[in-house]
Amino acid sequence: MPTPYKYQILPIEKVFRDPVHNYIHVQHQVILDLINSAEVQRLRRIKQLGTSSFTFHGAEHSRFAHSLGVYEITRRICDIFQRNYSSERIGSDGWDDNERLVTLCAALLHDVGHGPYSHTFEHIFNTDHEAITVEIITSPETEVFQILNRVSADFPNKVASVITKKYPNPQVVQMISSQIDADRMDYLLRDAYFTGTEYGTFDLTRILRVIRPYKDGLAFAMNGMHAVEDYIVSRYQMYVQVYFHPVSRGMEVILDHLLHRAKELYEQQPEDYQLHSQLLVPFFKGNFSLQEYLKLDDGVLNTYFTQWTFLPDPILNDLANRFLIRKPLKSVTFSGDQDSVTIRHLQALIEKVGYNPKYYTAINSSYDLPYDFYRPEKNSHRTQIEIMQKDGTLIELSKISHLVAALAGQTQIDERFYFPKEMVDPKRQQHYDLFDDTYREFAAYIHNGALVEGKK
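Here the sequence shown stands for residues 1 to 456, where the numbers follow UniProt numbering.
1. Go to A348, then tell me how far its alpha helix (DSSP H) extends in each direction, as first and last residue.
2. On a CA-only basis, which of P19, H28, D183 and P2 is nearest I9? Give me that one, please.
3. Which residues in the same chain have their Cβ closer than 7 Å to the Cβ of G449, if we skip the five residues on either side of it in sequence?
4. Quick check on the DSSP output: what are the complete alpha helix (DSSP H) runs of length 4 or more inside the region 72-148, in order along the chain?
5. Using 10 angstroms around the beta-carbon of S92, count the other beta-carbons present and answer buried if the total reaches 16, otherwise exposed.
6. Within a Cβ cutoff of 7 Å, which residues of the same chain sit near K265, ignoring the five residues on either side of it in sequence?
7. Locate the beta strand (DSSP E) running through T383, then write down its first and last residues.
8. Which two residues bound the contiguous alpha helix (DSSP H) that contains N36?
9. Tell me whether the beta-carbon of T309 lies closer than 8 Å to the beta-carbon of N321.
10. Using 10 angstroms around the beta-carbon of H57, count the other beta-carbons present and answer buried if the total reaches 16, otherwise exposed.
11. Is D191 closer than 8 Å to A107 when the C-beta atoms are compared?
12. Taking the alpha carbon of P213 as the reference point, which residue from F64, S365 and E99 has its own alpha carbon closest?
13. Which residue spans inside the region 387-424 form an unbroken alpha helix (DSSP H) run of at least 4?
14. When you compare only the Cα positions, how much space is there between L280 and I35?
15. Based on the DSSP output, what are the partners of R17 in its beta bridges?
16. Would you kindly work out how many angstroms separate the C-alpha atoms of Q237 and P270, rounded to a whole number?
17. How would you call L43, buried or exposed, if buried means at least 16 neighbouring beta carbons within 10 angstroms?
18. Return the CA-CA distance between E422 and E39, expressed in angstroms with no decimal places.
19. K330 lies in the alpha helix (DSSP H); which residues open and close that run?
20. Alpha carbon to alpha carbon, how far is S366 from A153?
21. Within the continuous beta strand (DSSP E) that includes P213, where are the two ends?
22. Does the contact criterion of 3 or more C-beta pairs under 8 Å hold for the region 290-297 versus the region 118-137?
23. Would DSSP call P168 helix, strand or coil?
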């Protein structure tokens, strides 16, 4: 009698070479089949960090590599739990290894619904990568569904419920999605490696040594608290130094305005886009199918951007060129309580020299909470990090770590006003320009990279 699909183990373990984890080990046939599915392979063509590669030139890694990394960390945790903390050994607080396959599949597939230039694309076309991830997992038309369905008829819905955090076992959910999960641990190490930013690293080996299951989720042994602190600080540094880098955000603003302009022009002349940008038409219409979504990747968008550089619309043409050859908008910081009249005046100066402020200026704010804890007055909260003391009792991390307490609940905000670099280009000052007085007036509002009150 043949072995049921869910129990099929590869005769020889398959390994993938990885710069972060050295080897990624695949033992289950279902995992190998998922890796080879069309939907997962599409992730090779989507950059993990989007526009950050314009700032950190090494950051060309893909969501495919990240997905394998999340799978590998999850696999290691499952191995540790089964060896040291199985339910057979420690009772109801322990790990049930029957949960392994659903956990590994959710880890591998957690990002399968991401689109090209993920977050910018989502913002403009109102897509939701998590909802699309669930649709890919549960839709009979996908290879991913067909593979999961061979495990059991209810298995696709089980995997999807891990993504939506509705799966009944909190250990499984928190392994994939919490404040210190396999997803975050992989992207911090992977992004630090490819951006060359050493401060994004932390001691993964030590964290995996001290992670513990208990009936309501995951905790970390007291003697590993400093490794967890290191992780929190690394995460904070990566957000400040990499994910919120002003140049990357300047390129993101260009991308945002470029796609908005294309959408606006489509509404005026839809027949043209059927010829040169056909795969984007359903998104301009706001009515797309899953299969139409899965046809898109970074390469498709970049090809269309190249085509748009030949179109007659000067704004679309220029923005496409700026994005392709890396000409980000420049930015200055400002505080939220500064008079918005100042920014409107600067936009008027920008318009005076010939730039449409709708497409050449932006206010961009980045927000991150390095670590959160349960606060009853809030409607929602993140899963807090629990430290397990010697007697087995739990205490929330910020109550025993002065370092984390200093970061806990403190939202990091960076507000910036973006504008064309030409407004403050020193090269322009070497030659007479009709708008020299306008440029000087604009520059009077900027000091040390921040917006100040100038002289009108």
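Don't be surprised by glycine CBs; every beta carbon is placed ideally from N, CA and C.
Looking at the coordinates:
1. S340 to K352 is the extent of the alpha helix (DSSP H) around A348.
2. Minimum Cα distance to I9 is reached at H28.
3. The residues are V332 and T333.
4. The region 72-148 contains these whole alpha helix (DSSP H) runs: 87-90, 100-109, 118-125 and 129-138.
5. With fewer than 16 Cβ atoms within 10 Å of its Cβ, S92 is classed as exposed.
6. The question names Lys, but residue 265 is Leu in the sequence shown. So the qualifying residues of the chain are D313 and L316.
7. Note, T383: premise wrong, no beta strand (DSSP E); not H, not E.
8. Taken as a continuous stretch (DSSP letters only), N36 belongs to no alpha helix (DSSP H), as it is neither H nor E.
9. Yes; because the gap between Cβ atoms is below 8 Å, this pair is in contact.
10. With fewer than 16 other Cβ atoms within 10 Å, it is exposed.
11. Not a contact, by the Cβ cut-off of 8 Å.
12. When only C-alpha atoms are compared, the closest one is E99.
13. Here the runs fully enclosed are 402-407.
14. Those two C-alpha atoms are separated by around 27 Å.
15. Beta-bridge pairing links R17 to Y23.
16. Each residue's Cα considered, the two are about 45 Å apart.
17. The residue in question, L43, is buried, as its Cβ has 16 or more Cβ neighbours within 10 Å.
18. Roughly 42 Å between the two C-alpha positions.
19. Not the alpha helix (DSSP H): K330 falls in the beta strand (DSSP E), residues K330 to T333.
20. Between S366 and A153, the C-alpha separation is close to 42 Å.
21. Residues I211 to Y214.
22. By the Cβ criterion, the region 290-297 is in contact with the region 118-137, since at least three pairs of Cβ atoms, one from each stretch, lie closer than 8 Å.
23. Coil at P168, not helix or strand.
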